[in-house]
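Okay, so here's the structure we're looking at.
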Amino acid sequence: MRSSLSPSAESQGTLSGDFLASVVTNEERGLPEIIETQNVPILLYAKRSEVESEAIQQLIALAESPLPVGYVAAMPDVHVGKGVTIGTVFASANYVAPMAVGVDIGCGMCAVPFDGINKDSLSKKQLRKMQELIKERVPTGFDMHKIPLHGAQETIDDISNKRAPSKFVEESMSAPKVLKQLGTLGGGNHFLEVVYDETGRVWIMLHSGSRNIGNITATHYDKMAKEGLQQRGITTPHNLNYLEIDSEEGQQYLQDMLWCQEYAWHNRSFMRDLMIDIVEDVTKGSVSLDESVNIHHNFCQCERCNYTDPRSGAKISADLYITRKGATPAAPGQMGLIPGSMGTGSYVTRGRGNPQSWSSCSHGAGRRMSRTAAKKVISQADFQKAMEGIVCDTNVKVRDEAPQAYKNLNEVMKNQSDLVEVVTRLRPLVNVKGF
Numbered sequence: 021m022r023s024s025l026s027p028s029a030e031s032q033g034t035l036s037g038d039f040l041a042s043v044v045t046n047e048e049r050g051l052p053e054i055i056e057t058q059n060v061p062i063l064l065y066a067k068r069s070e071v072e073s074e075a076i077q078q079l080i081a082l083a084e085s086p087l088p089v090g091y092v093a094a095m096p097d098v099h100v101g102k103g104v105t106i107g108t109v110f111a112s113a114n115y116v117a118p119m120a121v122g123v124d125i126g127c128g129m130c131a132v133p134f135d136g137i138n139k140d141s142l143s144k145k146q147l148r149k150m151q152e153l154i155k156e157r158v159p160t161g162f163d164m165h166k167i168p169l170h171g172a173q174e175t176i177d178d179i180s181n182k183r184a185p186s187k188f189v190e191e192s193m194s195a196p197k198v199l200k201q202l203g204t205l206g207g208g209n210h211f212l213e214v215v216y217d218e219t220g221r222v223w224i225m226l227h228s229g230s231r232n233i234g235n236i237t238a239t240h241y242d243k244m245a246k247e248g249l250q251q252r253g254i255t256t257p258h259n260l261n262y263l264e265i266d267s268e269e270g271q272q273y274l275q276d277m278l279w280c281q282e283y284a285w286h287n288r289s290f291m292r293d294l295m296i297d298i299v300e301d302v303t304k305g306s307v308s309l310d311e312s313v314n315i316h317h318n319f320c321q322c323e324r325c326n327y328t329d330p331r332s333g334a335k336i337s338a339d340l341y342i343t344r345k346g347a348t349p350a351a352p353g354q355m356g357l358i359p360g361s362m363g364t365g366s367y368v369t370r371g372r373g374n375p376q377s378w379s380s381c382s383h384g385a386g387r388r389m390s391r392t393a394a395k396k397v398i399s400q401a402d403f404q405k406a407m408e409g410i411v412c413d414t415n416v417k418v419r420d421e422a423p424q425a426y427k428n429l430n431e432v433m434k435n436q437s438d439l440v441e442v443v444t445r446l447r448p449l450v451n452v453k454g455f
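Here the sequence shown is numbered in the numbering used here, starting from 21 and rising by one per residue.
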């Protein structure tokens with residue numbers, strides 16, 4: 021695998037740029053909206069009227085649970101999820117919830133630009149060749165590599181040396197797919213793209229996570245949490261099962277979650293390298309690895325938090341576990357990636373470190389309709405029209421990923437202008453999805 025920064029030392033980037041001057045401030049927009057609950061308040065970076073009622077109920081259930089301290093932050097792309105809404109960030113001193121991190125532990129984004137390759141220099145034939153090679157070399161959906169990629173076993177060994185797994189994950193690693201899925205995409209909203217920025221500079225960009233090992237790990241610990249709560253006579257709404265951080269089970273979950281986060285980071289790195297080779301083979305250009313961004317948006321980690329209690333006004337500084345489900349970290353100066361949909365492109369961002377969002381921002385545009393609804397409402401003809409000009413597959417099986425199924429990305433970005441600044445906009449040339 022190509023040399024790159026570790027997950028704990030990701031590139032802060034060297035790009036520059038500010039958010040559009042015309043953007044109305046969050047204060048002028050009346051954001052965040054504050055939703056009072058019987059416990060901590062919810063700081064909502066969207067208009068409540070624009071958020072589905074079920075998502076609001078999930079947010080309230082989380083805010084009124086024992087988990088959060090201070091407040092719950094809901095990103096502008098917030099929508100219904102399993103256990104906890106997608107687009108939620110909260111801090112906890114004592115608890116961790118497997119479904120608040122999600123089943124795709126460590127899911128996130130990766131992007132890197134090329135030197136000397138401009139979109140105008142690429143022919144349609146070259147773009148089609150890139151898509152053909154991406155589909156040929158990067159397994160998608162349920163597929164995996166027939167034999168593990170070079171360096172896969174060494175990577176697994178390095179992860180385990182750095183993040184010692186529990187017996188559960190150690191036994192799960194014996195399954196051949198753990199090695200063979202390193203460098204694979206998956207399905208759903210995951211994608212591989214060749215894109216270009218506002219200067220015409222070409223990038224590669226991808227969205228994926230920890231594949232099967234993350235899924236079975238999250239499910240295992242969610243079941244453990246549910247059984248533990250039931251034994252104590254505790255029933256949680258919306259399947260919001262949690263573990264005490266100081267318990268043996270809680271420590272095992274954190275241990276295995278961190279293992280899966282590392283796996284997800286390296287999974288994206290392997291795919292990035294495969295895509296770099298493809299673009300270089302087709303164009304003879306060269307990559308700029310020092311500007312690579314590889315960042316999670318489904319994860320939990322302990323952070324030093326400085327915030328103001330919204331009720332007492334007290335200034336608090338404490339080490340807390342920040343859980344981000346479908347939310348991107350946005351510490352001061354931290355580079356991030358916020359995708360829209362397969363037809364609308366993405367943004368490269370720089371964090372503002374806003375404590376009201378627990379130094380976070382959205383992980384994308386967010387769905388405005390369910391997958392079932394999208395397939396019913398969006399016609400195949402409208403889907404194909406929305407993807408005109410992009411080299412992609414408009415198979416009926418991915419119509420639930422049509423641009424029309426997602427919220428307006430520009431509105432989402434405006435709603436979080438206090439959380440991040442825009443560095444550049446990325447627009448798609450080539451798109452590959454798993455189906």
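All C-beta atoms, glycine included, are put in the ideal place defined by N, C-alpha and C.
(message) Can you look up residue 288 in the DSSP assignment and give me helix, strand or coil?
(response) In the sequence shown, residue 288 corresponds to position 268, counting from 1. Three-state result, residue 288: helix.
(message) Extract the residue ranges of the alpha helix (DSSP H) inside the segment 39–98, only unbroken runs of 4 or more that lie entirely within it.
(response) 46–49 and 73–83
(request) Could you please give the first and the last residue of the uninterrupted alpha helix (DSSP H) stretch that includes residue 241? (result) As a working mapping, residue 241 is identified with position 221 in the sequence shown. From DSSP, the alpha helix (DSSP H) with residue 241 extends over 231–251.
(message) What residue range does the alpha helix (DSSP H) around residue 121 cover?
(response) In the sequence shown, the residue the question calls residue 121 occupies position 101. Looking at the DSSP string, the run of the alpha helix (DSSP H) that includes residue 121 is 118–121.
(message) Measuring straight from C-alpha to C-alpha, what distance separates residue 141 and residue 133?
(response) Against the sequence shown, residue 141 aligns to sequence position 121. Against the sequence shown, residue 133 aligns to sequence position 113. C-alpha separation (whole angstroms): 15 Å.
(message) What does the Cβ neighbour count give for residue 167, buried or exposed, with the cut at 16 atoms within 10 Å?
(response) As a working mapping, residue 167 is identified with position 147 in the sequence shown. Result: exposed.
(message) For residue 423, count the other beta carbons within 10 Å of its own beta carbon; 16 or more makes it buried, fewer makes it exposed. Which is it?
(response) Here residue 423 corresponds to residue number 403 of the sequence shown, with the count starting at 1. Its Cβ being crowded by 16 or more others within 10 Å, residue 423 is buried.
(request) Please report the Cβ distance between residue 224 and residue 131, rounded to the nearest whole angstrom; I am assuming they are in contact, meaning their Cβ atoms lie under 8 Å. (result) Residue mapping note: residue 224 aligns to position 204 of the sequence shown, counting from 1. Residue mapping note: residue 131 aligns to position 111 of the sequence shown, counting from 1. Yes, residue 224 and residue 131 are in contact; Cβ-Cβ is about 7 Å, under 8 Å.
(message) Quick check on residue 162: buried or exposed, where buried means 16 or more other Cβ atoms within 10 Å of its Cβ?
(response) For this step, residue 162 is matched to residue 142 along the sequence shown. Label assigned to residue 162: exposed.
(message) Measuring only the C-alpha atoms, how far is residue 51 from residue 407?
(response) Position 31 of the sequence shown holds residue 51. Position 387 of the sequence shown holds residue 407. About 33 Å.
(request) Evaluate residue 416 with the Cβ neighbour count: other Cβ atoms within 10 Å of its Cβ, from every protein chain shown; 16 or more gives buried, anything less gives exposed. (result) Locating residue 416 in the sequence shown gives position 396, counting from the first residue. Answer is exposed; the Cβ neighbour count stays below 16.
(request) Over the uninterrupted alpha helix (DSSP H) stretch that includes residue 408, give me the two end residues. (result) Against the sequence shown, residue 408 aligns to sequence position 388. From DSSP, residue 408 is part of no alpha helix (DSSP H); its letter is neither H nor E.
(message) Am I right that residue 46 and residue 83 are in contact with their C-beta atoms under 8 Å? What's the rounded C-beta distance?
(response) The residue labelled residue 46 in the question sits at position 26 within the sequence shown. The residue labelled residue 83 in the question sits at position 63 within the sequence shown. No, residue 46 and residue 83 are not in contact; Cβ-Cβ is about 20 Å, not under 8 Å.
(request) Helix, strand or coil for residue 416, going by three-state DSSP, please let me know. (result) The sequence position of residue 416 within the sequence shown is 396, counting from 1. Three-state result, residue 416: helix.
(request) Out of 293, 263 and 320, point me to the one whose CA is closest to residue 280's CA. (result) The sequence position of residue 280 within the sequence shown is 260, counting from 1. Ranking the options by Cα distance to residue 280, first place goes to 320.
(message) Rounding to the nearest angstrom, what Cα-Cα distance links residue 297 and residue 405 in this structure?
(response) Along the sequence shown, read from residue 1 onward, the residue named residue 297 stands at position 277. Along the sequence shown, read from residue 1 onward, the residue named residue 405 stands at position 385. Answer to the nearest angstrom: the Cα atoms are 31 Å apart.
(message) Checking the sheet assignment: what are the DSSP bridge partners for residue 129?
(response) Translated into positions along the sequence shown, residue 129 becomes position 109. Residue 129 is bridged to 227 and 315.
(request) Mark residue 246 as exposed unless 16 or more other C-beta atoms lie within 10 angstroms of its C-beta, in which case mark it buried. (result) Here the question's residue 246 lines up with position 226 in the sequence shown. So residue 246 counts as buried.
(request) Find the nearest neighbour of residue 448 within the set 343, 387, 359 and 441, judged by alpha-carbon distance. (result) Position 428 of the sequence shown, counting from 1, holds the residue named residue 448. Of the listed residues, the one whose Cα sits closest to residue 448 is 359.
(message) Within a Cβ cutoff of 7 Å, which residues of the same chain sit near residue 87, ignoring the five residues on either side of it in sequence?
(response) Position 67 of the sequence shown, counting from 1, holds the residue named residue 87. 110, 112, 115, 117 and 262, listed in sequence order.
(message) Let me confirm a value: residue 187 is counted as buried when at least 16 other C-beta atoms fall within 10 Å, else exposed. Which label applies?
(response) Here residue 187 is taken as the residue at index 167 of the sequence shown, counted from 1. Result: exposed.
(message) Looking at the secondary structure, which residues open and close the beta strand (DSSP E) in which residue 215 lies?
(response) Taking the first residue of the sequence shown as 1, we reach residue 215 at position 195. Looking at the DSSP string, the run of the beta strand (DSSP E) that includes residue 215 is 211–216.
(message) What does the Cβ neighbour count give for residue 159, buried or exposed, with the cut at 16 atoms within 10 Å?
(response) Taking the sequence shown and counting its residues from 1, one reaches residue 159 at position 139. By the neighbour-count rule (16 or more Cβ atoms within 10 Å), residue 159 is buried.
(message) In the DSSP assignment, the beta strand (DSSP E) including residue 441 goes from what residue to what residue?
(response) For the purposes of this step, residue 441 is identified with residue 421 of the sequence shown, where counting begins at 1. Looking at the DSSP string, the run of the beta strand (DSSP E) that includes residue 441 is 440–453.
(message) Assuming residue 335 is part of the beta strand (DSSP E), what are its boundary residues?
(response) For the purposes of this step, residue 335 is identified with residue 315 of the sequence shown, where counting begins at 1. Element bounds for residue 335: 335–345.
(request) Compute the beta-carbon to beta-carbon distance between residue 411 and residue 147, rounded to the nearest angstrom, for a pair I have assumed lies under 8 Å. (result) On the sequence shown, residue 411 is found 391 positions in, with the first residue counted as 1. On the sequence shown, residue 147 is found 127 positions in, with the first residue counted as 1. With a Cβ gap of about 5 Å, residue 411 and residue 147 count as contacting.
(request) Please classify residue 109: does DSSP put it in a helix, a strand, or coil? (result) Here residue 109 refers to the residue found at position 89 when the sequence shown is read from its first residue. Note: residue 109 maps to strand in three-state DSSP.
(request) For residue 377, collect the residues of the same chain with a Cβ closer than 6 Å to its Cβ; drop the 5 residues on either side in sequence, then sort them by chain order. (result) Start at 1 with the first residue of the sequence shown, and residue 377 comes out as number 357. Here the set comprises 93 and 439.
(request) Take the Cβ of residue 41 as the centre, count every other Cβ of all protein chains shown within 10 Å, and call the residue buried at 16 or more, exposed below. (result) On the sequence shown, residue 41 is found 21 positions in, with the first residue counted as 1. The pLDDT assigned to residue 41 is 39, lower than 50, so where the model puts this residue is not dependable; a value taken from the coordinates is nonetheless given after this. Residue 41 comes out exposed.
(request) Take the Cβ of residue 441 as the centre, count every other Cβ of all protein chains shown within 10 Å, and call the residue buried at 16 or more, exposed below. (result) The residue labelled residue 441 in the question sits at position 421 within the sequence shown. With at least 16 other beta carbons inside 10 angstroms of its own, residue 441 counts as buried.
(request) Determine the closest residue to residue 211 out of 222, 249, 74 and 127, with distance taken between C-alpha atoms. (result) Counting from one through the sequence shown, the residue named residue 211 turns up at place 191. Closest by alpha carbon: 127.
(request) Please report the residue range of the beta strand (DSSP E) in which residue 433 lies. (result) Position 413 of the sequence shown holds residue 433. Not the beta strand (DSSP E): residue 433 falls in the alpha helix (DSSP H), residues 429–435.
(message) Strictly by DSSP, which residues pair up with residue 361?
(response) Stepping through the sequence shown from its first residue, residue 361 is reached at position 341. BP columns for residue 361 point to 365.
(request) Would you check if the distance between the CB atom of residue 333 and the CB atom of residue 284 is smaller than 7 Å? (result) Stepping through the sequence shown from its first residue, residue 333 is reached at position 313. Stepping through the sequence shown from its first residue, residue 284 is reached at position 264. It is not a contact, given that the beta carbons lie outside the stated cut-off.
(request) Would you identify the three-state DSSP class for residue 169, choosing helix, strand or coil? (result) By 1-based counting over the sequence shown, the position of residue 169 is 149. If DSSP states are grouped into helix, strand and coil, residue 169 belongs with coil.
(request) Look at the alpha carbon of residue 200 and the alpha carbon of residue 207, and state the distance between them as a whole number of angstroms. (result) Residue mapping note: residue 200 aligns to position 180 of the sequence shown, counting from 1. Residue mapping note: residue 207 aligns to position 187 of the sequence shown, counting from 1. Answer to the nearest angstrom: the Cα atoms are 16 Å apart.
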